[in-house]
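In this text, residue positions in the sequence shown follow the working numbering: the first is 83, and each later residue adds one. The beta-carbon is built from N, C-alpha and C at its ideal position, and this holds for glycine as well. In this text the structure is predicted, and so the values were computed from the model without any measurement.
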Amino acid sequence: MRKKNQEYFNLLPKEELVMKVLWNTEDALSGSEIAERIPDRGWPAASIQNILRSLEKKNAIRVDSITKLGKTYGRLFRPAISADEYAVMQFGRYYKNGKKDYKSLVLTLFEETSAGKEEIIQTLQDIMETYDKGE
């Protein structure tokens, strides 16, 4: 869960590519491993270090460990915020001024899903049960 005092931030397109790699793996990854997993990146693999520094400043990633990578030592990274937490953060930025409310967003999400009405109702009931239990 996003910490209440965490600053809101936007991911730049290259940062988002890096975060998607980290969000889609259970393992901590080095900069070169991240770059390898973005094959059609259109920018040199060496640029990854600048992107990682920027993500660290935003507190979007954290250093998981330092390990030997070949003949040198390198840092392994993990996301400090989940994809869901980032989506909620962006939602909060857009809706916090009271211009829109969450109900319109939820309705739009349901309109975009292929799930049937009964499935959506069951999902909402499951969410409410979890919420009521305080989980």
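Within 7 angstroms, strictly: CB atoms of residue i and residue j
i	j	result
residue 166	residue 110	no
residue 103	residue 133	no
residue 113	residue 130	yes
residue 218	residue 135	A question about residue 218 goes unanswered here, because the residues of the chain that appear run from 83 up to 217.
residue 149	residue 158	yes
residue 203	residue 192	no
Where the beta strand (DSSP E) containing residue i begins and where it ends
i	result
residue 146	143-151
residue 174	First-last for residue 174: 165-177, but that is the alpha helix (DSSP H), not the beta strand (DSSP E).
residue 159	154-161
Cβ neighbours of residue i in the same chain (closer than 6 angstroms, five flanking residues each side left out)
i	result
residue 127	117
residue 139	none
Delimiting residues of the alpha helix (DSSP H) encompassing residue i
i	result
residue 212	199-215
Residue i - DSSP class collapsed to helix/strand/coil
i	result
residue 84	Only weak support is given to the placement of residue 84: the predicted model assigns it a pLDDT of 46, under 50, and the question is left unresolved by the model.
residue 89	coil
residue 140	coil
residue 196	coil
residue 187	helix
residue 94	coil
Residues near residue i by beta carbon distance below 8 angstroms, same chain, minus five either side
i	result
residue 122	none
Neighbour flag for residue i against chain B, beta carbons, 7 angstroms
i	result
residue 162	Considering every chain present, this structure includes no chain B. It has just one protein chain.
Can you check the region 106-132 for any beta strand (DSSP E) of at least 3 residues that lies completely inside it and give the ranges in chain order?
-> For the region 106-132, not one full-length beta strand (DSSP E) segment reaches 3 residues or more.
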